[in-house]
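Working notes for the structure below.
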Amino acid sequence: MAPVRITGAMVAAISVTMALLSIVLYKSKKTKPALPSNKNPRNGLVGAIGNTPLIRINSLSDATGCEILGKCEFLNPGGSVKDRVAVKIIEEALESGDLAPGGVVTEGSAGSTAISLATVAPAYGCKCHVVIPDDAAIEKSQILEALGATVERVRPVSITHRDHFVNIARRRASEANELALKHRKDEQKNGKTLEQVNGFHYDEEKQLFPRNCPGGYFADQFENLANFRAHYEGTGPEIWEQTGGNVDAFVAAAGTGGTVAGASKFLQERNPNIKCFLIDPPGSGLFNKITRGVMYTKEEAEGRRLKNPFDTITEGIGINRLTKNFLMAKLDGAFRGTDKEAVEMSRFLMKNDGLFMGSSSAMNCVGAVRVAQSIGPGHTIVTILCDSGMRHLSKFYNAEYLSKFDLTPTACGLEFLGVG
Ligand SMILES: Cc1ncc(COP(=O)(O)O)c(C=O)c1O
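Each residue of the sequence shown is one higher than the one before, counting from 1 in UniProt numbering.
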């Protein structure tokens, strides 16, 4: 073969090509590849709410032969599934004008919803006022106050009593609105204050809200359908996407009913074959309602009692009335879960999966195993991991407390559910 002769023109062409190539390489190094959207910075605290991971709970999946998936709601910034609800309630109220910018959101709750509202309200420039029973753990008021909320601790009474903490919270929102109205009128009196006109005196020291409070809004998590919509528009679609539509069943307990209603309605609209179930704790009337059509027995009727006489150790779930939110649920059946099963489940998840879960999450996992037993292996079952064990140290994770109620965990595996 004849030797190739390298001419001057060829050398010049090669050097130009090399130079162009190195410019291209340099440029491609400098411009970073676009990150997938879920890796992009989220927009403030509110942007960090939702889109929680869906994880395979390995121990339960391996033991049942089903894929048992848990939606990690405990990873929301406020620590629970209620962050979604707080955002939706505030956004809808601001949009409708029912909550004035800078106004105060009131709620009667000793639990996660109050913490989520207090967490989220400042992101909207709003305030939060929480009314809780004075037998609720003191840490709860401390957390709420640390988050900037005002807290009113009141005597626990029946829901039918005007001074039940939920009823007081509703009243506080009206009072804030009356105050705002007075303040506006005050400003309209030709520059004169009401004090100058008719001697009205606002003693800020003695009042719950500042004189210039622009108004109040009662969050009303039980009856406000923004709660349902948070899950119908958020949790449900996320589960659908994260499973690629490959989901056979959904199960969750109900407190307000928002989660189970929003997720079940969305999933069943997508695929009517997806079976949705409730897991109900002791003392709740919903199991009877779903399985027998009767909401509660006379003794259980809410309003006849000062406090829940069938106290369950699980917090935030179980109810004896039909809320507007729960009424939106599309359910195929219900299971009962016991306190002992929830305690055992929480220890099982901790030992086997490293999941440190709150009481309602543990109950939901009891529900997932019950569903697996009912529909058989080979199915995908989704449930909700509502909050972490961190908020449950004084009861659910307190050995002394548990032993007092004969709830000390003893199981080695899942034998308490008849598995293994
Ligand atoms: C920790 C926790 N888990 C579960 C629930 C129940 O969720 P939902 O109110 O959507 O029925 C609540 C409700 O307050 C809760 O606080």
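Backbone N, C-alpha and C fix where the C-beta goes; we use that ideal spot for every residue, glycine too.
Handout entry: Closest Cα partner of phenylalanine 277 within the set Asn320, Phe326, Ile49
Key = Phe326
Handout entry: Candidates Ile89, Ala249, Phe335: closest to serine 284 by CA position
Key = Phe335
Practice task
Along the alpha helix (DSSP H) that carries leucine 60, what are the first and last residues, could you check?
Solution key: 58–64
Exercise for the section: Check leucine 315 in the structure and name its three-state DSSP category. Expected result: The sequence as given places glutamate at residue 315; leucine does not occur at that position. Coil.
Practice task
Report whether the distance from the Cβ of threonine 119 to the nearest heavy atom of ligand 1 is below 7 Å.
Solution key: no
Exercise for the section: Have a look at Arg292, Ile57, Ala253 and flag the residue whose alpha-carbon is nearest the alpha-carbon of aspartate 353. Expected result: Ile57
Exercise for the section: Give the secondary structure of phenylalanine 335 by DSSP, where H, G and I count as helix, E and B as strand, and everything else as coil. Expected result: strand
Exercise for the section: Look at the Cβ atom of valine 85, then the Cβ atom of serine 109, and state whether they are nearer than 8 Å. Expected result: no
Handout entry: Helix, strand or coil at phenylalanine 396 according to DSSP, with G and I counted as helix
Key = Three-state result, phenylalanine 396: coil.
Exercise for the section: Measure the Cβ-Cβ separation of residue 421 and leucine 144 and say whether it is below 8 Å. Expected result: The requested residue 421 does not occur in the structure, where the chain is confined to residues 1 to 420.
Practice task
With DSSP collapsed to three states, give me the class of arginine 211.
Solution key: coil
Exercise for the section: Could you check what DSSP says for histidine 129 in three-state terms: helix, strand or coil? Expected result: strand
Practice task
Quick one: measure Cβ to Cβ for glycine 378 and glycine 65, integer angstroms, because I've assumed they're closer than 8 Å.
Solution key: About 7 Å separates the beta carbons of glycine 378 and glycine 65, which is inside the 8 Å limit, making them a contact pair.
Handout entry: Best match in Gly102, Lys39, Ala254 for proximity to serine 360 [C-alpha to C-alpha]
Key = Ala254
Handout entry: Residue environment, proline 281, which counts as buried when at least 16 other CB atoms sit within 10 Å
Key = buried
Problem - Where the beta strand (DSSP E) through threonine 323 begins and ends - result: That residue, threonine 323, is in no beta strand (DSSP E); it is neither H nor E in DSSP.
Exercise for the section: Tell me whether the beta-carbon of alanine 118 lies closer than 8 Å to the beta-carbon of valine 46. Expected result: no
Exercise for the section: Give the secondary structure of valine 104 by DSSP, where H, G and I count as helix, E and B as strand, and everything else as coil. Expected result: strand
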